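To start, the structure under review is shown below, and the notes come after it.
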Amino acid sequence: DVWEKRIGLRTLTVCRDPDAWGEQFALCVNGVKVFAMGANYIPEDHLLGRTSAARTRRLLADCRDAHFNCVRVWGGGCYPEDWFYDACDEFGLLVWQDCMFACGMYELTPEFEENVRAELADNIRRLRHHASLALWCGNNEMEMFTQSRAWVDREAQVRDYLFLFERVIPEVVRALDPDRFYWPASPSSGGAFDEPNAPDRGDVHYWEVWHGDQPFSAYRQFYFRFVSEFGFQSFPCLSTVKTFTEPQDRNIFSYVMERHQRNGRANGKILSYLQQTYRYPGGFDELLYASQMLQADAIRYGVEHFRRNRGRCMGAVYWQLNDCWPVASWSSIDYTGRWKALHYAAKRFFAPVLLSCEEEGWLTEPTPMNWQHFAPRKSIRLNLSNETRCPQTVTVRWAVRRNTGAALRESEQTVTVPPLSALWLDRVELPDLDEQREYISYEAEQAGAVISQGTVLLSLPKYFHYRDPHLRCTVDGDRLTVTADAYARGVEIRNADETLRLSDNYFDMNAGSRTVRILAGDATALRCRSVYDIGRQPPADP
Numbered sequence: 017d018v019w020e021k022r023i024g025l026r027t028l029t030v031c032r033d034p035d036a037w038g039e040q041f042a043l044c045v046n047g048v049k050v051f052a053m054g055a056n057y058i059p060e061d062h063l064l065g066r067t068s069a070a071r072t073r074r075l076l077a078d079c080r081d082a083h084f085n086c087v088r089v090w091g092g093g094c095y096p097e098d099w100f101y102d103a104c105d106e107f108g109l110l111v112w113q114d115c116m117f118a119c120g121m122y123e124l125t126p127e128f129e130e131n132v133r134a135e136l137a138d139n140i141r142r143l144r145h146h147a148s149l150a151l152w153c154g155n156n157e158m159e160m161f162t163q164s165r166a167w168v169d170r171e172a173q174v175r176d177y178l179f180l181f182e183r184v185i186p187e188v189v190r191a192l193d194p195d196r197f198y199w200p201a202s203p204s205s206g207g208a209f210d211e212p213n214a215p216d217r218g219d220v221h222y223w224e225v226w227h228g229d230q231p232f233s234a235y236r237q238f239y240f241r242f243v244s245e246f247g248f249q250s251f252p253c254l255s256t257v258k259t260f261t262e263p264q265d266r267n268i269f270s271y272v273m274e275r276h277q278r279n280g281r282a283n284g285k286i287l288s289y290l291q292q293t294y295r296y297p298g299g300f301d302e303l304l305y306a307s308q309m310l311q312a313d314a315i316r317y318g319v320e321h322f323r324r325n326r327g328r329c330m331g332a333v334y335w336q337l338n339d340c341w342p343v344a345s346w347s348s349i350d351y352t353g354r355w356k357a358l359h360y361a362a363k364r365f366f367a368p369v370l371l372s373c374e375e376e377g378w379l380t381e382p383t384p385m386n387w388q389h390f391a392p393r394k395s396i397r398l399n400l401s402n403e404t405r406c407p408q409t410v411t412v413r414w415a416v417r418r419n420t421g422a423a424l425r426e427s428e429q430t431v432t433v434p435p436l437s438a439l440w441l442d443r444v445e446l447p448d449l450d451e452q453r454e455y456i457s458y459e460a461e462q463a464g465a466v467i468s469q470g471t472v473l474l475s476l477p478k479y480f481h482y483r484d485p486h487l488r489c490t491v492d493g494d495r496l497t498v499t500a501d502a503y504a505r506g507v508e509i510r511n512a513d514e515t516l517r518l519s520d521n522y523f524d525m526n527a528g529s530r531t532v533r534i535l536a537g538d539a540t541a542l543r544c545r546s547v548y549d550i551g552r553q554p555p556a557d558p
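Numbering-wise, the sequence shown is residues 17 to 558 according to our numbering.
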């Protein structure tokens, strides 16, 4: 027999040293603590035979292209094929590997224990040579819900849980993969039902934004050590929706649309968050776009906060990367492989060097706006996050601008941020800013190129007085230039069948021009829109 495998030589573990905030939880590669940036991977198709090496490779290449360095294989699916791990090895994606137990209780008979040992041994032997394999995790969410007794029918199940995940499985891991880190559950603080979702140690699943109906600003109330799940739903684009609907079905409360939604009340929840943030859309297609902008806003808000607190927090792995069928969901890439707004946003907020803005304004104000004394503090504080192993010197610029894009106040400074760290700049108070007609733009420039940029509003987006940017596109070879006459938020560029892949999309821009590269798709019959267009047009048939 011939046995041939591709291997890599490295040390890889999880650092759990105590510190000023509790206990660290950081992936550590060759002695370097890495801030994990990525998403949760689920089976790529509900019919597993339809997956292929080429399809998986495309999906993981999309992760690499969005600056991921980590994927979590969720325990509610299946162990992926070898080609999944081969691609992760090649693309530099660390794999958090759940064992295939999730969201339920098990009664541990001798026969079942034997089956578990055999299944785990088979997969450990198959996968242990992969350089990308970071850790084995016992299960998804079972410790948390066993502790709360939410899923417990009999107390014997609690005993069986401890025996299975804190004795049987770690025994098999120690015997067959002794150098690999084992973690009993996700989330967990280390096992034994010791505050499984504690904010000061271990990993956390945070769902108060979305399931708990909390505003995006709620992320900033917490300083988790490693966030292995947090998410927000959106609808796929119209071209994907057309693959499973007839024209009469294209209403989010139709039978077909609600059957393609596996989270109870979620379509209504999207509308609830929509009314907090944007104007009411003028039609079905506009609603799909608005939902994707909401999703991108929500996850960006969380990730930027976590990265600004690098060292205290060492992981932001959102739920979820992909879909197993065409559906409304938490994914950033839909079932057809089309990038949602969130995946383009991930490419920006997972960039190795990130300039982000922590604002204070209407969204962060705890006092309801209709109260007589509603007077939110207005300020910004910029932060540079550097996930490279070298110091990075950049020129940071920010400006207060009118809705036309004209600059009213500008500032510039050169900043050096140390390797593997985050650096705060001074807070800027803006008490006189007209939050409904003025916004803040910011950018980081290095070697003559803008490497990170964005804008922030201090009012809610639905209350901002946008000017019509009159967006238009021109194409020159593989370069696409979009021009705006005024500030444009969430600029979407698409072709007729929404197969256009660009180097950036769903971005904010000041008045002027911005050029992106065409990576795939036919760059003809282009259409542009922005948040300005939400609620401006009468409903149209999809």
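Note that beta-carbon positions come from the ideal geometry of N, C-alpha and C, so glycine has one too.
Source: prediction; values computed, not measured.
Query, Result
"I'd like to know whether the C-beta atoms of W341 and I349 end up nearer to each other than 8 Å.", "no"
"Please list the terminal residues of the continuous alpha helix (DSSP H) segment that includes T540.", "Where T540 is concerned, there is no enclosing alpha helix (DSSP H), given that its DSSP letter is neither H nor E."
"Which class does W37 belong to by DSSP, given the choice of helix, strand or coil?", "coil"
"In whole angstroms, give me the CA-to-CA distance for E129 and L136.", "11 Å"
"Restricting to Cα atoms, I'd like to know which of V184, L371 and H486 is closest to A527.", "H486"
"Would you tell me roughly how many angstroms separate the C-alpha atoms of F117 and E320, rounded to the nearest one?", "31 Å"
"Compare the Cα-Cα distances from M53 to each of M330, D313 and I185 and report the closest residue.", "M330"
"Within the chosen definition, does the segment 370 to 384 reach the segment 88 to 95 through at least 3 CB pairs nearer than 8 Å?", "no"
"Enumerate, from N- to C-terminal direction, the unbroken beta strand (DSSP E) stretches of 3 or more residues contained entirely within the segment 70 to 108.", "86 to 89"
"Would you decide whether R316 is buried or exposed? Buried here means 16 or more other CB atoms lie within 10 Å of its CB.", "buried"
"Quick test of the definition: if touching needs 3 or more C-beta pairs under 8 Å, does the segment 299 to 314 touch the segment 240 to 251?", "yes"
"Exposed or buried, which one is I23 when buried takes at least 16 other CB atoms within 10 Å?", "exposed"
"Taking 8 Å as the threshold, find out whether the segment 534 to 552 comes into contact with the segment 378 to 389 through three or more Cβ pairs.", "no"
"Does DSSP put I396 in a helix, in a strand, or in coil?", "strand"
"Thinking just about the alpha-carbon of each residue, which of S347, F41 and W99 is nearest to the one in R278?", "S347"
"Tell me whether the beta-carbon of Y122 lies closer than 8 Å to the beta-carbon of D35.", "no"
"Measure from the alpha carbon of H481 to the alpha carbon of each residue in D450, L400, F84 and M273, then state which is nearest.", "D450"
"Should T72 go down as buried or exposed, given a rule of 16 or more other Cβ atoms within 10 Å for buried?", "buried"
"So, do the segment 134 to 153 and the segment 188 to 204 have three or more beta carbon pairs nearer to each other than 8 Å?", "yes"
"Within the segment 154 to 211, note down every full alpha helix (DSSP H) run reaching 4 residues or more, in order along the chain.", "158 to 163, 171 to 179 and 185 to 192"
"Grouping DSSP H, G and I as helix and E and B as strand, with all else coil, what is G54?", "strand"
"Within its chain, find whatever has a CB closer than 7 Å to the CB of V168; leave out the 5 residues flanking it on each side and keep chain order.", "M121, T162 and V174"
"Is it true that the CB of Y95 sits closer than 8 Å to the CB of L337?", "no"
"Please name the residue, chosen from P368, V343, G38 and R488, that lies closest to R530 on a Cα-to-Cα basis.", "R488"
"Taking the CB atoms as reference points, tell me whether R328 and S401 lie closer together than 8 Å.", "no"
"Quick one: grab the DSSP three-state call for M116.", "coil"
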